[in-house]
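Asks: In the numbering used here, the protein residues as written are 391 to 468.
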């Protein structure tokens with residue numbers, strides 16, 4: 391099973407849609423991620439990221455629900 395992780399776009403670079411990159415914040419960890427699959431994504435949006443690519447834009451409420459599920463999973467393991 392593959393797992394996509396939500397993150398918030400904090401900056402975007404590149405004009406060509408195929409080469410657009412975003413700096414994505416994953417709760418304090420920031421990574422450069424390709425935005426080629428989500429040309430509509432903008433700074434402030436939340437995206438689901440898998441294997442270095444943002445694969446969909448989601449709203450903040452949905453992102454927070456996923457963060458809560460991940461936190462609960464971590465607590466169950468600990």
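No residue lacks a Cβ here, since even glycine has one placed at the ideal position from N, Cα and C.
1. DSSP on residue 456, reduced to helix/strand/coil?
2. Confirm, please, whether the CB-CB distance from residue 395 to residue 439 is below 8 Å.
3. Taking the alpha carbon of residue 448 as the reference point, which residue from 434, 460 and 420 has its own alpha carbon closest?
4. Go ahead and label residue 408 buried or exposed: buried means 16 or more other beta carbons lie within 10 angstroms of its beta carbon, across all protein chains shown.
5. Starting from the Cα of residue 451, find the closest Cα among 445, 459 and 444 and give me that residue.
6. Is the distance from the Cβ of residue 444 to the Cβ of residue 419 below 8 Å?
Replies: Quick look at the numbers:
1. helix
2. yes
3. 434
4. exposed
5. 459
6. no
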